[in-house]
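Sequence lines, in order, name chains A and B. All you need for the working numbering is the position in the first sequence, starting with 1, plus 2. All you need for the working numbering is the position in the second sequence, starting with 1, plus 2. Where is the CB? At the ideal position from N, CA and C, for every residue including glycine. Given the structure is predicted, the values throughout are model-derived calculations rather than measurements. Working notes for the structure below.
Number of protein chains: 2
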Amino acid sequence: MQLRDLGEFGLIDRIERAARRLGPSRGVVLGIGDDAAVLRVGPREDLVVTTDALVEDVHFRWSSESPRIVGRRALVASLSDLAAMGARPLGFTCALVAPPALSLRTLDGVLNGLLREAQTHSCPLVGGNLSRGRETSLTLTAIGAVGRGRALTRSGARFGDRICVTGSLGGVALDRARAERGLARVRRVPSPRLGAGRALTRLRGMGACIDVSDGLEADLQHLLGPSAMGATLDLAAVPRPPRFAARCARLGLDPDRLALAGGEDYELLFTLRRWAPSVAVLSRRLGVPVAEIGRVGVAGSGRGRSRDGKGGWRHF
Amino acid sequence: MQLRDLGEFGLIDRIERAARRLGPSRGVVLGIGDDAAVLRVGPREDLVVTTDALVEDVHFRWSSESPRIVGRRALVASLSDLAAMGARPLGFTCALVAPPALSLRTLDGVLNGLLREAQTHSCPLVGGNLSRGRETSLTLTAIGAVGRGRALTRSGARFGDRICVTGSLGGVALDRARAERGLARVRRVPSPRLGAGRALTRLRGMGACIDVSDGLEADLQHLLGPSAMGATLDLAAVPRPPRFAARCARLGLDPDRLALAGGEDYELLFTLRRWAPSVAVLSRRLGVPVAEIGRVGVAGSGRGRSRDGKGGWRHF
């Protein structure tokens, strides 16, 4: 059965019913089915809004991922942006563009993936849009709330800040490389660091924050860009998944490359003042592993240079 | 020059600069350029969120509309949804999917159209997403605020309610018919009824509300659907633009058809209790013409039937 057999309203009905099965949600005054959704934030909260799109053959391929994984990844990308701002999710909208010949089975898979992540992270589907098109795309807008004036931003880094990252990097890129070679389909989807982001909004000595979506190197540039600062990274300190080097070697891949430029890790990359808590204390508070991987320095001034000269450091 | 010559970051920079030229906006704590935007609502307000997509060759054609009109229409569709909820706009995000060969001139036109409407209605662009794709699409999410618990909804109609509509219907459909015949390009874009929507949230005797986007008949069905009620419409009372019948006749079009099913009028269609103010009083308060066009009745029961029997009434 294809999308065209169901029609727009049949499809909306199908999505509504699937979303309702998850039960009512705190903070949602009015969900799917009206001209717009109505949400409620606390009196001392700011709103956080982020929009992301996943386009067929650009961001995903039906041949290398199940529809369920595509749906999950779409929401995780948006939730990770909320995490990077320190926000708690309130709800999300989804605009689906799809060819009329798309199978209902594929659609249901995407929808199940979306709603599974939605339930896991208490971020209900509150509205959206359906349209036909030549290729499939999913555009998600996630709405969150954060304590007034407490949103984490990319612009809080200072000279001498410690650079930290949650979890590990490169694992998603390795999975993806395996999938591209036809060795396996993508199975793992990282978990957005929502709890860790919220904990960081309460941390004294917090600097700038971003989520690692383009890859560590690229996102570190985004983090330092506004301040015109540079950084020194300790390559050996960049956390990687278990048995990462061996698994990369088997495919002839450079583990450093994957950890630094892989992307879609959805870990939080942030800076801390020198006097902020140690990573051990931080790991406990955030509930996730935290590694210290470098220092913020002055770009090109030499002040941010390597300390060991063995090539184990990267300069930006 | 084409999109591919500019690259993603060049393009983001271009959009950021255009958006910044409009100046700072009240309610926007953090705009374009971070992982997400940060907005602020009042302590006694609810959030309103709506997502709409415009897809090339489905919702617009470059041959019959200027890029500027496409941009304007995209935002107007979203703002009209906010109007139908009685909300004031806070800001919007835009996800643009476009082929790399799209000309920069076209992109700039769309952007100018979007930002012109954004400025007119104090609804700043606060974020978005860019991606390549086979066809152009614009997915907009508009965020608004409304007094807590005061959002207008589709579900407030009661038996005996008067059915009213703002402005006039059919004008956009006529323009579109002319454009499809190659007689003229679409030039007019309706104005979303934001002020009228806000005034309706303060009205005693207010029933249900929706914006006319699919056409009067279809949207009236949406309005009555949840209540399983019917309605009687006085065809002659449905407001139309000046010289509408004559202009339709010249193209061999049925003016009733266009007024009832044209769509994209973006007027507000709403119901009022019998004892609510007269349309004359209402027009003054809302600042737009208001016409009373029928009554809510019980579907198929005969209670909502025609009073004159001359075929000038429609039953639902």
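Annotation note: the region 152-232 of chain A contains the following uninterrupted beta strand (DSSP E) runs of length 3 or greater, listed N- to C-terminal: 164-168 and 208-213. Note that the C-beta distance between Cys-125 (chain B) and Pro-91 (chain B) is below 8 angstroms. Look at Thr-52 (chain A): its C-beta is under 8 angstroms from a C-beta on chain B. Classified as exposed, Met-3 (chain B) has fewer than 16 neighbouring CB atoms from the shown chains inside 10 Å of its CB.
Secondary structure within the region 57-129 of chain B: the beta strand (DSSP E) runs of 3 or more consecutive residues, fully enclosed, are 90-100 (chain order).
Distance from the CA of Arg-42 (chain B) to the CA of Phe-11 (chain B), rounded to the nearest whole angstrom, comes to 28 angstroms. When CB distances to chain A are screened at a threshold of 8 angstroms, the residues of the region 89-116 of chain B falling below it are Ala-89, Leu-92, Gly-93, Thr-95, Cys-96, Ala-97 and Val-99, in chain order. For the set B:Leu-81, B:Trp-64 and B:Leu-140, the Cα lying nearest the Cα of Arg-107 (chain B) is the one of B:Trp-64. Cα atoms of Ile-212 (chain A) and Leu-185 (chain B): separation of roughly 52 angstroms, rounded to the nearest angstrom. Going by DSSP, Leu-24 (chain A) is part of no beta strand (DSSP E) at all; its letter is neither H nor E.
Looking only at A:Ala-100, A:Leu-49, A:Leu-109 and A:Ser-105, the smallest Cα-Cα distance to Gly-135 (chain A) is reached by A:Ala-100.
Flagged as an interface residue toward chain B: Ile-212 (chain A), by a C-beta distance shorter than 8 angstroms. Per DSSP, Ala-39 (chain A) is one residue of the beta strand (DSSP E) stretching across 39-41.
Around the beta carbon of Ala-238 (chain B), fewer than 16 other beta carbons sit within 10 angstroms, so the residue counts as exposed. Listed along chain B, the residues sitting closer than 8 angstroms to Ser-139 (chain A) by beta-carbon distance are Val-99, Ser-133, Gly-135 and Ser-139. Going by beta carbons, Leu-222 (chain B) and Leu-171 (chain B) fall outside the 8 angstroms limit.
Of all C-beta pairs linking the region 51-66 of chain B to the region 102-121 of chain A, fewer than three are shorter than 8 angstroms, placing the two stretches out of contact. Beta-bridge partners of Ala-247 (chain A) (DSSP): none assigned. With at least 16 other beta carbons inside 10 angstroms of its own, Ala-159 (chain B) counts as buried.
When the beta-carbon positions are compared, Ile-295 (chain A) and Val-214 (chain A) stay at least 8 angstroms from each other. CA-CA distance, Phe-161 (chain B) to Ile-17 (chain A), rounds to 30 angstroms. Considering only A:Asp-216, A:Gly-9, A:Arg-23 and A:Val-72, the residue with the shortest C-alpha distance to Leu-262 (chain A) is A:Asp-216. Between Ala-76 (chain B) and Leu-196 (chain B), the beta carbon gap of about 16 angstroms keeps them out of contact (Cβ cut-off 8 angstroms). Apart from the 5 residues on each side of it in sequence, Ser-139 (chain B) sits with its Cβ closer than 7 angstroms to the Cβ of Ala-55, Leu-56, Val-57, Glu-58 and Val-99 in its chain, given in chain order.
Short of 8 angstroms from the beta carbon of Pro-291 (chain A), and not among the five residues preceding or following it, lie these beta carbons of its own chain, in chain order: Thr-168, Gly-169, Ser-170, Pro-241 and Ser-285. Taking a contact as a CB-CB distance under 8 angstroms, the pair Gly-115 (chain A) and Ala-38 (chain A) does not count as one, their CB atoms being some 25 angstroms apart. Taking 8 angstroms as the cut-off, the Cβ atoms of Ala-89 (chain A) and Gly-146 (chain A) count as close. Under DSSP, Asp-48 (chain B) takes part in a beta bridge, and its partners are B:Val-148.
Listed by position along chain B, the residues whose Cβ is nearer than 8 angstroms to that of Ile-145 (chain A) are Leu-49, Val-51 and Ile-145.
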